[in-house]
Ligand code: CMC
C-alpha cells in the first residue's frame, strides 16, 4: 500500500516503480537519483533552466501568490504596509519577523542613523569614477569596496556581527547612491542629516543645494517611502537568488550584496524602470502606440514594465504605485509621458497577445515616471530599486545562514559537448 503523501513513478525504461515522498507540495530532487536505467547510470536529475519550477529554499519572509496578485511580508499585506508604515518599520519587519513596538522602532531608527556616514576613502573611491559613469556601476563597486573596510564582516555565523553589517548596509546604501549621483553632476557631496527620517535624509543627500538645512517636500517623501516599501523584498527573484548563491559560499555580505545588485542592474530586472521611461520617451505620443505595440507583437522588442515570472495577474505593487501619482503630480504638474503610459496599458490589456500570455504591468511600469517627476535622473532609477531591496537581500542572507538544510549552491548540468577524443599537438591542428 502506498503512502498518501507520495508520488509513484514508473520508469518505463526498466519497468521499476519508485515511491517518492511529497512534502509541502514538493519532491526532493535528490530522491530522483535512485531512478537508474543501468548500474553505471548516474541517476535521474530534474532539468530546469531559469528555475521555472524549482524551489531552492524554505522561506518565511515573503509570500507571493502570482495567480491572485497577492504579496505579503511576514503575513502582512503589502497594501496595509504601504498605507501605514515607514520604510524602516517595514525593514524591521522583513528582517526580524515582527512589526516593531514604538520603542523598538525608535531604537532601530537611531541605530540606522548612527551608521549613515561612509569612510572618506569610500567617498574618494566614488570620486575616482568618470563623470558619466552609470550610478549603478558605482553602487555595485562601492558596496563591494565596503568589504575591505569591514573585514570583521567575514564572521557570518556571529549573530552580533551580522546585526552590525545589516545596520551598516541599510544605512550606507543611500549615502553611496546619493554620492554617486552628485559625483556625476559635479556637485560636492551632501552629508547625512540625521534629524531627517531615512527617506527624507536620502532626498537631502541627493538634492541639497546651498540651503543650510534641507527640508524634504513632504509629498515626495511620502511617495518615496511608499515606493521603497514596494521594493523591500520579493522572495526568490534573480538578484535575491544571486545573493543567496554568493552567500552560500560564506562570502561576506558586502561582496554578496554587490553581486545581488549587479544581477538587479539588468533591464529584465531592476533596470526595467529606467528602460520603461526610455521606451515611453521613444514612443513619444499616444498616436505612436499602435505601431510600437505591433513591433512588440512581432517579437522585435519587449513592452518594458510588463510581464513577470510569477505574477499572472496585476502586480499589486504597480497598483499601489499608480495611486501615488495624483499627489505627486499635484506638486510637479502632470507628465505628458503619463498619458502615453496609461494609454499604452489600456490598449495592451485589451490585446490578445498580452491577454493570452497573462502579461500585466509590473512594479517598474509606473515607478520610473514618479521618480522622473521628482527630478531623479534616469540613470539612478535602478539604484532607487537597490536601496530598499538591500533589506530583502539581507533578510534572505540571514535566513540562508541559519538554515540547516542549506549548503553551498552547486547545480548540476547536462553535458552536451563532444565526447572523449585524442589530444592533437599544436603542429597538427587546423
Ligand atoms: N513584452 C512582450 N512580450 C513579453 C513580455 C514583454 N514585456 N514579457 C514576456 N513576454 C512574452 C514572451 O515573448 C513569451 O512569449 P512566447 O510564449 O510567444 O515566446 C511569453 O510572454 C513568456 O515570456 P518569458 O520570457 O518566458 O517570461 P519570463 O518569466 O522568462 O520573463 C520577464 C519575465 C519579467 C523577464 C519578462 O516578462 C520581461 O522581459 N518583461 C520586461 C522587463 C520587465 O519589465 N522587467 C521587470 C520585472 S518586475 C521587477 C523585478 O522584480 O525585476
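Numbering (the numbering used here), first residue to last: 215 to 644. For every residue, glycine included, the Cβ atom is placed at its ideal position computed from N, Cα and C. All values derive from a computational prediction rather than experimental measurement.
Confirm the yes/no value for this check: CB of residue 417, any heavy atom of the ligand CMC, distance under 8 Å.
-> Flag unset: Cβ of residue 417 not near the ligand CMC.
Starting from the C-beta of residue 595, find all residues in its chain whose C-beta is less than 6 Å away, skip the five residues before and the five after it, and write them out in chain order.
-> So the qualifying residues of the chain are 487, 488, 582 and 585.
Any 3 or more C-beta pairs closer than 8 Å across the region 412–419 and the region 607–620 = Using a Cβ-Cβ distance cut-off of 8 Å, the region 412–419 and the region 607–620 are not in contact, since fewer than three pairs of beta carbons, one from each stretch, lie closer than that value.
What number of angstroms, rounded off, separates the C-alpha of residue 441 from the C-alpha of residue 368?
-> If I take the Cα positions, the gap works out to 32 Å.
Consider the C-beta atom of residue 558 and the heavy atoms of the ligand CMC; say whether any pair is separated by less than 8 Å.
-> Answer for residue 558: no, Cβ out of range of the ligand CMC.
What are the start and end residues of the beta strand (DSSP E) that includes residue 284?
-> That run of the beta strand (DSSP E) goes 284–287.
By DSSP, does residue 561 sit in helix, in strand, or in coil?
-> In this structure, residue 561 counts as helix in the three-state DSSP scheme.
Looking at the unbroken alpha helix (DSSP H) that takes in residue 320, where does it start and where does it end?
-> From DSSP, the alpha helix (DSSP H) with residue 320 extends over 316–327.
N-terminal and C-terminal residue of the alpha helix (DSSP H) that residue 460 is part of = Counting along the chain, the alpha helix (DSSP H) containing residue 460 begins and ends at 452–461.
For residue 623 versus residue 370, is the C-beta spacing smaller than 9 Å?
-> No, they are not a contact pair.
If you draw a straight line from the C-alpha of residue 360 to the C-alpha of residue 471, how long is it?
-> Answer to the nearest angstrom: the Cα atoms are 11 Å apart.
How is residue 291 classed by DSSP in three states: helix, strand or coil?
-> Residue 291 falls in the strand class under three-state DSSP.
Under 9 Å between the Cβ atoms of residue 423 and residue 407?
-> Contact: no.
So is residue 494 buried or exposed if we call it buried at 16+ other beta carbons inside 10 Å?
-> Burial call: buried.
Nearest to residue 518 by alpha carbon, out of 498, 481, 365 and 259?
-> Of the listed residues, the one whose Cα sits closest to residue 518 is 481.
Please state whether DSSP places residue 502 in a helix, a strand or coil.
-> Three-state DSSP puts residue 502 in a helix.
Three-state secondary structure (DSSP) at residue 412?
-> Residue 412 falls in the helix class under three-state DSSP.
Buried versus exposed, by CB contacts within 10 Å (16 or more), residue 236 = Per the 10 Å Cβ criterion, exposed.
Who are the near neighbours of residue 375 in its chain, counting only those whose CB is closer than 8 Å to its CB and skipping five residues on each side?
-> If we look at residue 375 and ignore the five residues flanking it on each side, its Cβ neighbours are 366, 367 and 369.
Along the chain, where does the alpha helix (DSSP H) that runs through residue 260 open and close?
-> For residue 260, no alpha helix (DSSP H) encloses it, and the DSSP letter there is neither H nor E.
So is residue 244 buried or exposed if we call it buried at 16+ other beta carbons inside 10 Å?
-> With fewer than 16 other CB atoms across the displayed protein chains lying within 10 angstroms of its CB, residue 244 is exposed.
If we count Cβ pairs, one from each stretch, closer than 8 Å, do we get three or more for the region 324–336 versus the region 377–387?
-> Three or more Cβ pairs closer than 8 Å define a contact, and the region 324–336 meets that threshold against the region 377–387.
Please confirm whether any heavy atom of the ligand CMC lies closer than 8 Å to the CB of residue 518.
-> Relative to the ligand CMC, the nearest heavy atom lies less than 8 Å away from the CB of residue 518.
Just mark residue 297 as buried or exposed, buried being the case when its beta carbon has 16 or more other beta carbons within 10 Å.
-> A residue is called buried once 16 or more other Cβ atoms fall within 10 Å of its Cβ, and residue 297, having fewer, is exposed.
Would you decide whether residue 572 is buried or exposed? Buried here means 16 or more other CB atoms lie within 10 Å of its CB.
-> Of the other Cβ atoms in all chains shown, fewer than 16 fall within 10 Å of the Cβ of residue 572; this residue is therefore exposed.
Range covered by the beta strand (DSSP E) that runs through residue 230 = Start and end: 230–235.
May I ask whether a heavy atom of the ligand CMC can be found less than 8 Å away from the beta carbon of residue 610?
-> No, the beta carbon of residue 610 sits no closer than 8 Å to any heavy atom of the ligand CMC.
Taking 8 Å as the line, does the beta carbon of residue 452 fall inside it for any heavy atom of the ligand CMC?
-> It does: the Cβ of residue 452 is within 8 Å (strictly closer) of some heavy atom of the ligand CMC.
Excluding five sequence neighbours on each side, which residues of the same chain lie with their C-beta closer than 7 Å to the C-beta of residue 587?
-> Cβ neighbours of residue 587 beyond the five flanking positions: 542, 543, 546 and 549.
Out of 530, 565 and 580, state which residue places its alpha-carbon closest to the alpha-carbon of residue 551.
-> Distances from the alpha-carbon of residue 551 to those of 530, 565 and 580 put 580 closest.
Is there contact between the region 343–360 and the region 436–450, where contact requires at least three CB pairs shorter than 8 Å?
-> Taking a cut-off of 8 Å on C-beta distances, the region 343–360 does not touch the region 436–450, as fewer than three cross pairs fall below it.
Supposed contact pair residue 576 and residue 520 - C-beta distance, whole angstroms, cut 8 Å = Indeed they touch by this definition, with Cβ atoms about 7 Å apart.
Endpoints, alpha helix (DSSP H) assigned at residue 578 = For residue 578, the enclosing alpha helix (DSSP H) begins and ends at 577–587.
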